Amino acid sequence: PETAAAEKQAAEQIRDAAKQVANNPDVRLRVDDVNILRSTFTFRNHAANTPYRVSLADVQIRLANVSNQRAEGKVRGDMTGKFMGSGDAAVHLAFSPDVKRPEFDVTVRVDGTEMPAMNALLRAYAGVDAVAGQFSLYSEVSVRHGSVRGYVKPLFKDMELYDASQDRGKPFFHKLKEGLMAAAAWILKNRDRGEVATKVNLSGPLDSPQFSTWEALGGFLENAFVRAILPGFEGEDRSGSG
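See the structure below:
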């Protein structure tokens, strides 16, 4: 909390500086390749009701064709690492350096993060703890003409949210909430794969993309009783034909 205002001001200054040089014909910047190796990135939110930390370890980043001129083509980047120390994470992005007409494509993949490592985050946003399970996430997002199109697909495998020994001393209604969520996950999971998944579509203006809570709920139900939402991106070929 003490540094939140200063951090916000620094971020705004960086944003303003980037706007001044983006696609500015009087300022030409170009770097063929940027590589960042063996790094760790950590985000801490001390202002949340339950403070939490999100980290990406063993980070490798490569940026290519870095320029502030749209005519130079898209900037492309790839990042890999370990989300919360255990989940294989990969991000690919491509964007045009034009503030007036932002255009970019982003894909995000996280495979097999151990959920107990995410407990502070889960407590902050869901009010629950996990004692077992793996979290994965797949997302593709595109921005064109000021609009967002894409999806976010979280997947939970072998999730357990309640453990009497771990939860001893917690308020009764907190235990009840965790128990109900665990029961719902058991009911909704794909029984053969032991997974709970849904897909949330994103669409709308860049400043406030829309998504439907009912769509997310429908995705859970479809996953449980109609079909399995397989891990991976929507465009991947899983036929095995290569």
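Position one of the sequence shown corresponds to residue 67 (our numbering), numbered consecutively onward. By construction, the Cβ of each residue, glycine as well, lies at the ideal position given by its N, Cα and C atoms. Bear in mind that the values here come from a model prediction, so they are computed numbers and not experimental data.
Contacts around L203, its chain only, beta-carbon distance under 6 Å, and the 5 residues preceding and following it disregarded: Start at 1 with the first residue of the sequence shown, and residue 203 comes out as number 137. Beyond the five residues adjoining it in sequence on each side, L203 comes within less than 6 Å, by CB distance, of V176, P220 in the same chain, given in chain order.
Proximity to F170 [Cα-Cα], best of P182, N267, A196, V157: On the sequence shown, position 104 is the one that residue 170 refers to. Of the candidates P182, N267, A196, V157, the one whose C-alpha sits nearest the C-alpha of F170 is V157.
Rounded C-alpha distance that separates S269 from A160: As a first step, residue 269 is located in the sequence shown; it is residue number 203 there, counting from the start. As a first step, residue 160 is located in the sequence shown; it is residue number 94 there, counting from the start. Note on geometry: alpha-carbon atoms of S269 and A160 lie some 19 Å from one another.
N185 - DSSP class collapsed to helix/strand/coil: To locate residue 185, count along the sequence shown from 1; it is residue 119. Helix, per DSSP.
Inter-residue spacing [alpha-carbon to alpha-carbon] between V381 and L227: Any property of residue 381 remains undetermined from this structure, which presents the chain solely from 67 to 308.
Cβ contact (3+ pairs, closer than 8 Å) linking the segment 102-121 and the segment 178-189: Segments in contact, yes.
A130 in three-state terms, based on DSSP: Taking the sequence shown and counting its residues from 1, the one referred to as residue 130 is at position 64. In this structure, A130 counts as strand in the three-state DSSP scheme.
Burial state of A155, where buried means 16 or more other Cβ atoms lie within 10 Å: By one-based count along the sequence shown, residue 155 stands at place 89. Burial call: buried.
When F201, V218, Y217, V266 are compared against M150, the one with the closest alpha-carbon: Working through the sequence shown from its first residue, we reach residue 150 at position 84. Selected option, being the one with the closest Cα: F201.
Euclidean distance between Cα positions of D224 and N111: One-based indexing of the sequence shown puts residue 224 at position 158. One-based indexing of the sequence shown puts residue 111 at position 45. Roughly 28 Å separates the two Cα atoms.
Neighbourhood of K148 by C-beta distance below 6 Å, restricted to the same chain and skipping five residues each side: The sequence position of residue 148 within the sequence shown is 82, counting from 1. Around K148, the same chain offers A123, D124 as residues with beta carbons nearer than 6 Å, after the five sequence neighbours per side are excluded.
Residue span of the beta strand (DSSP E) that contains V207, given as start and end: Residue mapping note: residue 207 aligns to position 141 of the sequence shown, counting from 1. Segment 198-210, the beta strand (DSSP E) holding V207.
Cα-Cα separation between G153 and G139, rounded to whole angstroms: Start at 1 with the first residue of the sequence shown, and residue 153 comes out as number 87. Start at 1 with the first residue of the sequence shown, and residue 139 comes out as number 73. Between G153 and G139, the C-alpha separation is close to 32 Å.
T108, buried or exposed, once every other Cβ within 10 Å from all chains shown has been counted against 16: Sequence index remark: in the sequence shown, residue 108 carries index 42 (1-based). Its Cβ having fewer than 16 others within 10 Å, T108 is exposed.
C-alpha gap between N131 and M145, whole angstroms: As a working note, residue 131 is residue 65 in the sequence shown. As a working note, residue 145 is residue 79 in the sequence shown. Those two C-alpha atoms are separated by around 15 Å.
Candidates R104, G212, A113, of which the one nearest R128 by Cα: Here the question's residue 128 lines up with position 62 in the sequence shown. When only C-alpha atoms are compared, the closest one is R104.
Simplified DSSP assignment, three categories, for A190: As a position in the sequence shown, residue 190 is number 124, starting the count at 1. In the three-state DSSP reduction, A190 falls in the helix class (H, G or I).
Closest residue to P271 among Y217, H211, V218 (Cα-Cα distance): By 1-based counting over the sequence shown, the position of residue 271 is 205. Distance from the Cα of P271 is smallest, within the candidate group Y217, H211, V218, for H211.
Residues of its chain near M181, where Cβ-Cβ distance is below 8 Å and the 5 sequence neighbours each way are ignored: Taking the sequence shown and counting its residues from 1, one reaches residue 181 at position 115. Residues L188, A196, A198, G199, Q200, F201, F222, M225 of the same chain have their beta carbon placed closer than 8 Å to that of M181, with the five preceding and five following residues left out of the count.
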